[in-house]
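Here is the structure we will look at, set down as structure tokens.
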Amino acid sequence: MEKTAINRVLQVAYSRKGGIMTRQAKAVLGAALILLGVYMMLQQGLPS
Numbered sequence: 095m096e097k098t099a100i101n102r103v104l105q106v107a108y109s110r111k112g113g114i115m116t117r118q119a120k121a122v123l124g125a126a127l128i129l130l131g132v133y134m135m136l137q138q139g140l141p142s
């Protein structure tokens, strides 16, 4: 897993909400992490 990408998503989520994780921010963060996981699975499955 690319922790730098996850940390970047966390920083964006925190900065947009002033450090307060609202339900909307948590939903966006969750969706971003799911998309990141799917993207990385596809990258591993495809020959590079």
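This note's numbering numbers the first residue of the sequence shown as 95 and each following residue consecutively. The C-beta atom is built at its ideal place from N, Cα and C for all residues, glycine as well.
DSSP state of residue i mapped onto helix, strand, coil
i           : result
residue 116 : coil
residue 140 : coil
Euclidean distance between Cα positions of residue i and residue j
i           : j           : result
residue 137 : residue 98  : 17 Å
residue 105 : residue 119 : 11 Å
residue 101 : residue 139 : 24 Å
residue 134 : residue 122 : 18 Å
residue 130 : residue 96  : 9 Å
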